[in-house]
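To start, the structure under review is shown below, and the notes come after it.
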């Protein structure tokens with residue numbers, strides 16, 4: 052109809068997600084995360100008045116959400132109401148500049164996602180969504196192919212982790228259409244195995260952890276679940292979670308090898324593997340655990356790359372002894388050249404290396420949207436508290 056704005060193509064899916072999040076409002080401990088998700092969803096649907104109302108309510112909680120860096124609100128920049136909100140957030144959460152440059156890859160169109168450290172060989176593995184390959188970076192910063200893109204017909208590479216026992220390399224790969232594979236390589240890049248769920252559902256393995264018994268646990272971003280892979284039976288099975296997950300990404304395994312933390316759009320869920328019990332980690336007041344793309348365990352803390360809260364940041368969350376709540380929050384990097392669009396990282400000793408400019412916002416499906424905007428991929432490093 053003339054004069055009526057057309058809804059976005061994903062409107063139906065978005066409305067389904069809104070309904071899910073409305074139900075989660077009574078369950079998750081972080082009200083700000085729910086409000087922020089609803090605000091961005093409403094703005095995407097063109098319902099700006101309601102979006103701004105929800106955003107104001109969210110930002111009043113002073114949890115760390117910053118809409119100034121969110122593409123959803125790009126159209127509101129320059130308006131007095133929005134700019135005043137963004138300015139107040141900047142005053143409450145000023146820049147933190149502690150990171151420094153570590154490595155660079157001159158292949159500008161990698162669009163990197165996963166990063167892992169290999170302590171035995173003292174090198175890093177970096178996955179490529181666009182080139183569909185894995186590169187390695189040695190201690191001198193030299194970059195070379197670990198698994199070339201034309202060798203095994205890989206899907207876009209997301210999470211990468213090393214087996215803690217034998218040092219072999221595991222990687223999650225998936226394409227937006229719903230095809231996914233869990234891959235296993237030896238230390239030379241030779242393919243040892245490739246595994247996919249046998250059902251007809253769409254799956255998207257995003258990130259993963261490996262237990263000492265060889266079990267692999269992956270977040271499934273497309274099917275909103277967590278899957279565990281048994282290397283003996285080569286079968287996948289879902290992990291039960293007490294609530295609906297919403298776009299799960301980051302995942303971390305505690306040193307006890309029994310506790311998994313799963314990050315999604317509205318928080319972090321702690322899962323006790325032996326009992327199957329799960330619960331949300333309580334962020335406490337004026338704090339959020341939402342939107343962690345990368346998540347890592349370090350000496351009783353969770354290190355998070357939060358790029359789902361508007362302007363991204365890198366944070367260390369110290370947990371209580373039982374892992375049920377945050378006792379201290381340390382923002383490690385915020386509003387600097389290294390937090391333009393960070394995604395994931397890797398811990399090396401007391402340092403956290405992370406992808407500083409993933410450029411995933413310049414990718415649509417299997418295509419780079421604007422090659423003229425591509426830049427050399429930078430890896431930054433920040434000292435952990």
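Numbering (the working numbering), first residue to last: 52 to 436.
Beta carbons: idealized from backbone N, C-alpha and C, even for Gly.
If I'm right that residue 257 touches residue 270 with Cβ under 8 Å, what's the distance once you round it to whole angstroms?
About 5 Å separates the two Cβ atoms, so the contact holds.
Curious, which full-length alpha helix (DSSP H) runs of at least 4 residues does the segment 178-253 contain?
Whole alpha helix (DSSP H) segments, 4+ residues: zero.
By a C-beta neighbour count over all protein chains shown, 10 Å radius and 16 as the cutoff for buried, is residue 313 buried or exposed?
Looking at its Cβ environment, which holds 16 or more other Cβ atoms inside 10 Å, residue 313 is buried.
Looking only at C-alpha atoms, which of 365, 306, 367 sits nearest to residue 261?
Selected option, being the one with the closest Cα: 306.
Just the C-alpha distance for residue 303 and residue 272, rounded to the nearest angstrom, thanks.
If I take the Cα positions, the gap works out to 15 Å.
Use the C-beta contact count for residue 293: other C-beta atoms within 10 angstroms, 16 or more gives buried, fewer gives exposed.
It is exposed - the Cβ of residue 293 has fewer than 16 other Cβ atoms within 10 Å.
Just the C-alpha distance for residue 283 and residue 78, rounded to the nearest angstrom, thanks.
Each residue's alpha carbon lies about 36 Å from the other.
Considering residue 453, what are the terminal residues of the alpha helix (DSSP H) in which it resides?
Residue 453 cannot be examined here, being either before or after the span of the chain that is shown, 52 to 436.
Near residue 416, what residues of its chain come up, given a Cβ to Cβ distance below 7 Å and the 5 sequence neighbours on each side ignored?
Excluding positions up to five away in sequence, the list reads 227.
So, helix, strand or coil for residue 53, using DSSP?
Because the pLDDT of residue 53 is 39, which lies under 50, any placement of that residue in the model is unreliable, and the question is left without a value.
Do you know how far the Cα of residue 371 is from the Cα of residue 114?
Answer to the nearest angstrom: the Cα atoms are 19 Å apart.
Taking the beta strand (DSSP E) that residue 349 falls in, what are its first and last residues?
Run containing residue 349: 343-349, per the beta strand (DSSP E) assignment.
For residue 321, report the span of its beta strand (DSSP E) as first-last.
Its beta strand (DSSP E) spans residues 318-323.
For the beta strand (DSSP E) containing residue 67, name the first residue and the last one.
First-last for residue 67: 62-75, but that is the alpha helix (DSSP H), not the beta strand (DSSP E).
Return the CA-CA distance between residue 105 and residue 247, expressed in angstroms with no decimal places.
Taking the straight line from one Cα to the other gives about 40 Å.
Given a cut-off of 7 Å on the beta-carbon distance, is the pair residue 301 and residue 345 in contact?
Yes, the Cβ-Cβ distance between residue 301 and residue 345 is below 7 Å.
Measuring straight from C-alpha to C-alpha, what distance separates residue 327 and residue 390?
So the alpha carbons of these two residues sit roughly 35 Å apart.
With a Cβ-Cβ cutoff of 7 Å, do residue 343 and residue 357 count as a contact?
Yes, they are a contact pair.
Closest to residue 187 by CA distance: which of 181, 168, 205 is it?
Ranking 181, 168, 205 by Cα distance to residue 187 puts 168 first.
Using the beta-carbon count (16 or more within 10 Å), is residue 129 buried or exposed?
Exposed is the call here.
Is it the case that the Cβ atoms of residue 382 and residue 140 are separated by a distance below 7 Å?
Their beta carbons are not under 7 Å apart, which means residue 382 does not touch residue 140 by this criterion.
Could you give the C-beta distance for residue 290 and residue 319, rounded to a whole number, given that I count them as a contact under 8 Å?
Rounded, the Cβ-Cβ distance is 15 Å, inconsistent with contact.
Using only alpha-carbon positions, find the residue among 387, 331, 159, 208 that is nearest to residue 179.
Considering only alpha carbons, the answer is 208.
Does the Cβ of residue 428 have 16 or more other Cβ atoms within 10 Å, making it buried, or fewer, making it exposed?
It is buried - the Cβ of residue 428 has at least 16 other Cβ atoms within 10 Å.
Look at residue 364 and residue 385 and say whether their C-beta atoms are less than 7 Å apart.
Contact: yes.
Residue 402: which of 348, 250, 287 sits nearest, CA to CA?
It is 348.
Could you round the C-beta distance between residue 317 and residue 84 to whole angstroms and report it? I think they count as a contact, below 8 Å.
With 8 Å as the limit, residue 317 and residue 84 qualify as a contact, their Cβ atoms being about 4 Å apart.
Taking the beta carbon of residue 63 as the centre, do at least 16 other beta carbons fall within 10 Å, making it buried, or is it exposed?
Result: exposed.
I need the straight-line Cα distance from residue 75 to residue 118, nearest angstrom please.
Roughly 22 Å separates the two Cα atoms.
Based on DSSP bridge pairs, tell me the residues matched to residue 172.
DSSP lists no partner for residue 172.
Determine whether the beta carbon atoms of residue 165 and residue 211 lie at a separation below 7 Å.
Their beta carbons are under 7 Å apart, which means residue 165 touches residue 211 by this criterion.
So, with DSSP's three-state summary, where would you put residue 368?
The answer is strand: DSSP assigns residue 368 an E or B state.
So for residue 431, helix, strand or coil by DSSP?
Strand, per DSSP.
Can a CB atom of chain B be found closer than 7 Å to the CB of residue 378?
Structure shown: chain B not included; a single protein chain is present.
Less than 7 Å between the C-beta atoms of residue 198 and residue 184, yes or no?
Contact flag set, yes.
To the nearest angstrom, report how far apart residue 351 and residue 100 are at their CA atoms.
Approximately 42 Å between the Cα atoms of the pair.
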